[in-house]
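Q:
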Amino acid sequence: MPRPASTSDRILVAYEDLLIEVGERGATLDAVASRAGVSKGGLLYHFGSKDALSAGLVERLRGLTEADLFLMKAAPAGPVDYLIRTSIDAASQLDRSLIATSRLAQAADARASEALATIRTSWLTLITDAVGDPAVARAIVLVSDGLYFNSAMLGMGTPDPADVSPEGIESLLTVLARFSTPSAG
Numbered sequence: 001m002p003r004p005a006s007t008s009d010r011i012l013v014a015y016e017d018l019l020i021e022v023g024e025r026g027a028t029l030d031a032v033a034s035r036a037g038v039s040k041g042g043l044l045y046h047f048g049s050k051d052a053l054s055a056g057l058v059e060r061l062r063g064l065t066e067a068d069l070f071l072m073k074a075a076p077a078g079p080v081d082y083l084i085r086t087s088i089d090a091a092s093q094l095d096r097s098l099i100a101t102s103r104l105a106q107a108a109d110a111r112a113s114e115a116l117a118t119i120r121t122s123w124l125t126l127i128t129d130a131v132g133d134p135a136v137a138r139a140i141v142l143v144s145d146g147l148y149f150n151s152a153m154l155g156m157g158t159p160d161p162a163d164v165s166p167e168g169i170e171s172l173l174t175v176l177a178r179f180s181t182p183s184a185g
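Yeah, the sequence shown ends on 185 if you go by the UniProt record's numbering, and it's all consecutive.
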């Protein structure tokens, strides 16, 4: 991963890393400052409290999601193809931000829970618009969830070759296309 451009970015990446590695309770301001290579005072200059740090992380996730939705809409092979192919990318910036924000949601951070629900709705809406059927769109998003779950459970960035080989993804996309194409009858 390239080095973040600003001190604020470095702090947010450090917070993400700690949330993923040790959870919300272990991601103390002292630990975040140490991981980011700044003093606690420097951290507090950029984020005045742990709550502000969490808010910054949620905003970072929103920005990454907006960029991903733009790419999904503009994908040459369409949003379904993009969603399925990127569902196995369990080490991307977006993925790490989603995991870190999920850790906050698990610790009862309402802002994080709301952001995750909004993101999920955005994906579902985009896929529904692409296929024209809400039930089919939901099935596609659930397939995406399953692909992600399988690749994530085997370790960050180490997908199961039997499930996500290029041939396997092509086969899956062919099946999904049958569900999302109106029958000619």
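Ideal Cβ placement from N, Cα and C applies to all residues, glycine included.
How about Ile140 and Val80: do their beta carbons lie closer than 8 Å?
A: A contact, by the Cβ cut-off of 8 Å.
Q: If you run the structure through DSSP and keep just helix, strand and coil, what is Val13?
A: Val13 falls in the helix class under three-state DSSP.
Q: For a test of the three-state rule: what should DSSP assign to Ser113, helix, strand or coil?
A: Helix, per DSSP.
Q: Taking the alpha carbon of Thr174 as the point to measure from, which residue in Ser122, Arg85, Asp133 has its own alpha carbon closest?
A: Nearest C-alpha to Thr174: Arg85.
Q: Excluding the five sequence neighbours on either side, which residues of its own chain have a C-beta within less than 8 Å of the C-beta of Leu43, listed in chain order?
A: The residues are Ile11, Leu29, Val32, Ala33, Ala36, Leu53.
Q: For the alpha helix (DSSP H) that Ser54 lies in, which residues bound it at each end?
A: Counting along the chain, the alpha helix (DSSP H) containing Ser54 begins and ends at 50-74.
Q: Between which two residues does the alpha helix (DSSP H) harbouring Thr86 extend?
A: Taken as a continuous stretch (DSSP letters only), the alpha helix (DSSP H) holding Thr86 covers 79-86.
Q: Could you tell me the boundaries of the alpha helix (DSSP H) in which Asp30 lies?
A: 29-36 is the span of the alpha helix (DSSP H), which, as asked, contains Asp30.
Q: Could you say if the stretch 97-107 and the stretch 121-137 meet the contact criterion of at least three C-beta pairs nearer than 8 Å?
A: Counting Cβ pairs under 8 Å, fewer than three are found: no touch.
Q: For Asp17, which residues of its own chain have a beta-carbon under 7 Å away from its beta-carbon, when the five flanking residues on both sides are left out?
A: Within the same chain, Asp17 has close Cβ partners Arg35.
Q: Which residues mark the beginning and the end of the alpha helix (DSSP H) in which Gly132 is found?
A: Looking at the DSSP string, Gly132 is not in any alpha helix (DSSP H), and its letter there is neither H nor E.
Q: Looking at the unbroken alpha helix (DSSP H) that takes in Asp95, where does it start and where does it end?
A: Segment 93-106, the alpha helix (DSSP H) holding Asp95.
Q: Can you round the beta-carbon distance between Leu147 and Ser87 to whole angstroms, since I take them to be within the 8 Å contact cut?
A: That belief holds up - the Cβ atoms of Leu147 and Ser87 are roughly 4 Å apart, short of 8 Å.
Q: Look at the alpha carbon of Pro166 and the alpha carbon of Phe179, and state the distance between them as a whole number of angstroms.
A: Whole-angstrom Cα-Cα distance: 20 Å.
Q: Buried or exposed, going by whether 16 or more other CB atoms sit within 10 Å of the CB of Tyr45?
A: With fewer than 16 Cβ atoms within 10 Å of its Cβ, Tyr45 is classed as exposed.
Q: What does the alpha-carbon distance come out to for the pair Val13 and Ala77?
A: Computed Cα separation, rounded: 32 Å.
Q: So does the stretch 129-136 actually touch the stretch 57-71, counting three or more Cβ pairs closer than 8 Å?
A: Because the criterion of three Cβ pairs below 8 Å is not met, the stretch 129-136 and the stretch 57-71 do not touch.
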